[in-house]
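Shown next, in structure tokens, is the structure this report addresses.
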Amino acid sequence: MLKKISAVVLGGLMVTALAACGGDDGAGSGSGNDDGKITLGFAQVGAESGWRTANTKSVQDSAKEAGIDLQFSDAQQKQENQIKAIRSYITQKVDVIAFSPVVESGWDTVLREAKDAKIPVILTDRAIDSPDKTLYKTFIGSDFVLEGKKAGEWLVTEYQGKTEPVNIVELQGSTGSAPANDRKAGFADVIKADPKFKVVASQTGEFTRAKGKEVMDAFLKANKDIDVLYAHNDDMGLGAIEAIEGAGLKPGVDIKIITVDAVKDGMQALADGKINFIVECSPLLGPQLMDLVKKVVAGETVPERVVTEETTFTQEQAKAALPNRQY
Ligand code: AHR
């Protein structure tokens, strides 16, 4: 069966079939379509960050490698677009639906529709807050609370033995998303043990560079003595660096900066001394996801939770890791 490239526009939402299945009846057979291939409908968050771009590439490359037909949609950071995409995958009777939820809440109805249509769902990257665990087969992604804790632990060590107040500003990820909620909670949990740490301002920068710059500009205007910036991703941190430099300050020196992700641009800024510490969040979920898709279609048992292995980087470690960084 020849692969077709097709694009379907759903009320402003672009659903692109990268290697669409050719079956006319569109029937998900449970083991693929009439070309014998598994069809996976993947509803991505958007293209808001370097992390997201690397994640999309990982999913697309791995699907190709695994011989899985991938239907891919970009929700442009809007939950309603993701819900539309999932409904379109249900109508198309794909074999498996995978998605990275824009926000944690509000998925039960559409996931019940998938369950009623007997289409298994896999959560990738981000969790949902539904108590009904039967709505999805497995969840593969990072432990975001642990990432926040690692950021907090670095800070505690960095300021060990010092007694003066440490004024922190926080750039949160997209409001309502699992990484924003969990990275905030993990960080707060660690620093609360020492009252010298004060979060003087905390606001969303929507995981983007532009918003990170805009919010950091406002933080700098409203707060005279900022010691530390904790940004929930590299992109917001990089935007904030522009704001800090624009204010005549030295990022990494006048204001210490901690970020999450460890994408190439972030690692470069870390190696250059403009960021002080990065907690890694791996976007390379594609190979494991395709493995899980195959197992789910074959009716094999899969673990409820697959946690991604990750590390952290200091400035010296970034210098050593940069030449081999894939993304
Ligand atoms: O869900 C993962 C987060 O989403 C990444 O840390 C951030 O960069 C992205 O946009």
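Per mature numbering (1 follows the signal peptide of the UniProt record, and there is no 0): the sequence shown = residues -19 to -1, 1 to 308.
Ideal Cβ placement from N, Cα and C applies to all residues, glycine included.
Closer than 7 Å: residue i CB and nearest the ligand FMN heavy atom
i      : result
Pro160 : The ligand FMN is not part of this structure, which contains only the ligand AHR.
Selected residue, minimal CA-CA separation from residue i, among the options
i           : options                           : result
Ala290      : Leu265, Lys300, Ala279 and Ser86  : The question names Ala, but residue 290 is Glu in the sequence shown. The option with the nearest alpha carbon to Glu290 is Leu265.
Gln307      : Val75, Gly27 and Thr34            : Thr34
Glu85       : Ala199, Trp135 and Ala161         : Ala161
Glu134      : Ile259, Val283 and Thr282         : Ile259
residue 334 : Glu223, Val288 and Val283         : Missing from the structure shown is residue 334; the chain here goes from -19 to 308 and no further.
Thr292      : Ser39, Asp235 and Lys131          : Lys131
Ala174      : Asn204, Leu201, Glu195 and Gln141 : Gln141
Tyr211      : Ala203, Gly193, Asp76 and Gly157  : Gly193
Thr185      : Ala221, Gly167, Asp208 and Pro232 : Ala221
Ile19       : Gln57, Ile100, Lys38 and Ser30    : Ile100
Val126      : Phe168, Ala203 and Ala108         : Phe168
Gln298      : Leu251, Val196 and Ser155         : Leu251
Met248      : Ile64, Asp215 and Asp110          : Asp215
Thr115      : Ala95, Asp124 and Val75           : Ala95
Pro112      : Leu219, Glu128, Lys205 and Gly87  : Gly87
Thr138      : Thr295, Ala302, Ala301 and Ala203 : Thr295
Trp32       : Val277, Glu261 and Asn204         : Glu261
Ser158      : Gly27, Asp16, Lys300 and Ala302   : Gly27
Gln60       : Val40, Asp16 and Ser155           : Ser155
Leu219      : Glu187, Lys255 and Lys202         : Lys255
Asp106      : Val283, Ser263, Val274 and Val277 : Ser263
Ala47       : Ala56, Ala302, Gly17 and Asn148   : Gly17
Asp76       : Val277, Asp253 and Asn305         : Val277
beta-carbon residue i near the ligand AHR non-hydrogen atom, thresh 7 Å
i      : result
Ser30  : yes
Gly154 : yes
Phe80  : no
Arg33  : yes
Asn214 : yes
Val241 : yes
Asp106 : yes
Phe120 : no
Phe168 : no
Phe188 : yes
Residue burial classification, residue i (beta-carbon count within 10 angstroms, cutoff 16)
i           : result
Arg286      : exposed
Pro82       : buried
Ala199      : exposed
Gln153      : buried
Glu145      : exposed
Gln73       : buried
Asn62       : buried
Glu281      : exposed
Asn36       : buried
Gly229      : exposed
Ala79       : buried
residue 333 : One cannot answer for residue 333 here, as it falls past the ends of the chain, which runs -19 to 308.
Asn257      : buried
Gly7        : Reliability of the predicted coordinates at Gly7 is poor, the pLDDT of 34 falling under 50, and no value is obtained from them.
Gly227      : exposed
Asp206      : exposed
Val288      : exposed
Gly129      : buried
Gly233      : buried
Residue i, DSSP secondary structure in three states
i           : result
Glu29       : coil
residue 310 : What is shown of the chain runs -19 to 308, which leaves residue 310 out entirely.
Asn214      : coil
Val91       : helix
Ile259      : strand
Asp242      : strand
Gly186      : coil
Thr144      : coil
Pro232      : strand
Gly280      : coil
Gly167      : helix
Lys192      : helix
Lys237      : strand
Val40       : helix
Ala302      : helix
Ile61       : The question names Ile, but residue 61 in the sequence shown is Glu. In this structure, Glu61 counts as helix in the three-state DSSP scheme.
Asp55       : strand
Lys99       : coil
Gln249      : helix
Thr115      : helix
Worksheet item: Do the segment 268 to 281 and the segment 242 to 252 make contact, defined as three or more Cβ pairs closer than 8 Å?
Response: no
Discussion item. Does the segment 47 to 61 come into contact with the segment 22 to 33, if we say contact requires no fewer than three beta-carbon pairs (one atom in each stretch) closer than 8 Å?
Written reply: yes
Item to complete: Please determine if the segment 105 to 120 and the segment 172 to 179 are in contact, where contact requires at least 3 C-beta pairs separated by less than 8 Å.
Response: no
Item to complete: Tell me, please, whether the segment 66 to 80 touches the segment 91 to 98 by the rule of three or more beta-carbon pairs shorter than 8 Å.
Response: yes
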